[in-house]
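K.L.:
Quick note: the sequence shown, position 215, residue 217 per my numbering, numbers continuous.
Note that beta-carbon positions come from the ideal geometry of N, C-alpha and C, so glycine has one too.
This is the structure, below, for whatever I ask next.
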Amino acid sequence: MIAPLTDPLLDRAASLIRDSRAGLAFTGAGISVESGIPHFRGAGGLWTQFDPYKVASIGEFRRDPAQYWTYSRNHRRTGAAPNPAHLALVDLQRAGHLRAVITQNTDGLHQKAGSTDVIELHGSSHAVECLDCERTYPRDRIDQLNRQQSPPLCPGCGGRFLKPTVVLFGESLPAQPLQHAQALAEAADLVLIVGSSLQVYPAAGIPRLAREHGAQLCIVNAEPTPFDRMAAVVIHGRAGEVLPAIASRTIPSAG
Ligand code: APR
Ligand code: ZN
3 MIAPLTDPLL DRAASLIRDS RAGLAFTGAG ISVESGIPHF RGAGGLWTQF
53 DPYKVASIGE FRRDPAQYWT YSRNHRRTGA APNPAHLALV DLQRAGHLRA
103 VITQNTDGLH QKAGSTDVIE LHGSSHAVEC LDCERTYPRD RIDQLNRQQS
153 PPLCPGCGGR FLKPTVVLFG ESLPAQPLQH AQALAEAADL VLIVGSSLQV
203 YPAAGIPRLA REHGAQLCIV NAEPTPFDRM AAVVIHGRAG EVLPAIASRT
253 IPSAG
């Protein structure tokens, strides 16, 4: 159920953001849904159709990279553009209300929209690394090879284990972005959480850590999350509608 965008909730979110001095955005797949990229959990999510341990785990990738690349060829969306939710975060950051955007997404849409200080906890889908020789390649080049042959072979060493630089199930998060996000969370006074089911750790530990250190949480998500009861404001709605409404109330010139 999507609740109506009642003004008091939007006003409360805007006033929390306006009053914060060390705000963060924490985003998940839901923020990119209106850009045409599917999310994972909940109504319409990819993991309701596919088993994540088959198509997105390092064990399965190493066992059968062809299966991974066939899935990629059939399901990867290219050419996505930022939507009004990504742009609203840019406006909030430019107005001085957000220090950084911490994201679980690998689509690069925050950077494309113009956000700065974007921390990618789960890597990027735009680069591919050879697990044998460690050379890296742009994703477009390997997607092209993958259209001819799955799995694509490393142009440098001929190896079969070309992997997008995304974190698969069974892999650790990149240490430096995780530590940076943790430090920001400990210093944050507000986290604006957008489009995440908040079920996947250690990423979901970031807003939790911020809350434990005294930050207020403001959640914008289509469905309820396990963090709703810890949040100062919860708005159930579409990110592309709710965030511009919050930004225009926070920064009167925005939107
Ligand atoms: N606006 C706001 N929220 C939305 C929208 C929308 N337009 N569309 C969907 N949602 C919500 C869904 O209801 C869901 O609760 O976004 C949430 C997305 O949750 P997940 O699909 O679990 O995405 P995320 O939290 O980013 O997942 C974390 O899991 O499989 C992995 O590595 C993947 O980074 C991902 C991680
Ligand atoms: Zn190689």
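For a test of the three-state rule: what should DSSP assign to Phe63, helix, strand or coil?
P.N.:
Walking along the sequence shown from the start, residue 63 turns up at place 61. In this structure, Phe63 counts as helix in the three-state DSSP scheme.
K.L.:
Anyone know if the C-beta pair for Ala241 and Ala129 falls short of 8 Å?
P.N.:
The count along the sequence shown starts at 1 and reaches residue 241 at position 239. The count along the sequence shown starts at 1 and reaches residue 129 at position 127. In this structure, Ala129 does not lie closer than 8 Å to Ala241 by Cβ.
K.L.:
Which full runs of the beta strand (DSSP E) of 3+ residues lie inside the segment 162 to 205, going along the chain?
P.N.:
If we require 3 residues or more, the beta strand (DSSP E) runs fully inside the segment 162 to 205 come out as 164 to 168, 192 to 196.
K.L.:
Quick check: the Cα distance between Val235 and Ser199, rounded to an integer number of angstroms?
P.N.:
Residue numbering aside, residue 235 sits at position 233 when the sequence shown is read from its first letter. Residue numbering aside, residue 199 sits at position 197 when the sequence shown is read from its first letter. Using only the alpha carbons, I get a separation of about 16 Å.
K.L.:
What separation, rounded to the nearest whole angstrom, lies between the Cα atoms of Asp93 and Ser117?
P.N.:
Reading the sequence shown from its first residue, position 91 is the one you call residue 93. Reading the sequence shown from its first residue, position 115 is the one you call residue 117. Answer to the nearest angstrom: the Cα atoms are 9 Å apart.
K.L.:
Whose C-beta lies closer than 8 Å to the C-beta of Gly110 among residues of the same chain, with five residues either side of it excluded?
P.N.:
What you label residue 110 is simply residue 108 of the sequence shown in a count that begins at 1. The residues are Ser126, Ser127, His128.
K.L.:
Whether or not the segment 186 to 196 and the segment 218 to 225 are in contact is what I'm after, with contact meaning three or more pairs of Cβ atoms, one per stretch, closer than 8 Å; do they touch?
P.N.:
Yes, the segment 218 to 225 touches the segment 186 to 196.
K.L.:
Below 8 Å, can you find three or more Cβ-Cβ pairs linking the segment 94 to 101 to the segment 146 to 165?
P.N.:
No, they do not touch.
K.L.:
In the DSSP assignment, what are the bridge partners of Gly140?
P.N.:
What you label residue 140 is simply residue 138 of the sequence shown in a count that begins at 1. As written in the sequence, residue 140 is Pro, which differs from the Gly given in the question. In the DSSP output, where bridge partners are listed per residue, Pro140 has Ala129.
K.L.:
If we cut at 8 Å on Cβ distances, does Ile60 have a partner in chain B?
P.N.:
Absent from the structure is chain B; it holds one protein chain and no more.
K.L.:
Cβ-heavy atom distance between Gln113 and the ligand APR below 7 Å?
P.N.:
As a first step, residue 113 must be located in the sequence shown, where it is residue number 111. The answer is no for Gln113.
K.L.:
Please go through the same chain and pick out, in chain order, the residues whose beta-carbon is closer than 6 Å to the beta-carbon of Arg213, but skip the five residues on each side of it.
P.N.:
Locating residue 213 in the sequence shown gives position 211, where the first residue counts as 1. For Arg213, where only same-chain residues beyond five positions count, the Cβ hits under 6 Å are Leu219, Met232.
K.L.:
Tell me which residues share the same chain as Leu147 and place their Cβ nearer than 6 Å to its Cβ, disregarding the 5 neighbours each side in the sequence.
P.N.:
Within the sequence shown, numbered from 1, the residue matching residue 147 stands at position 145. Pro154.
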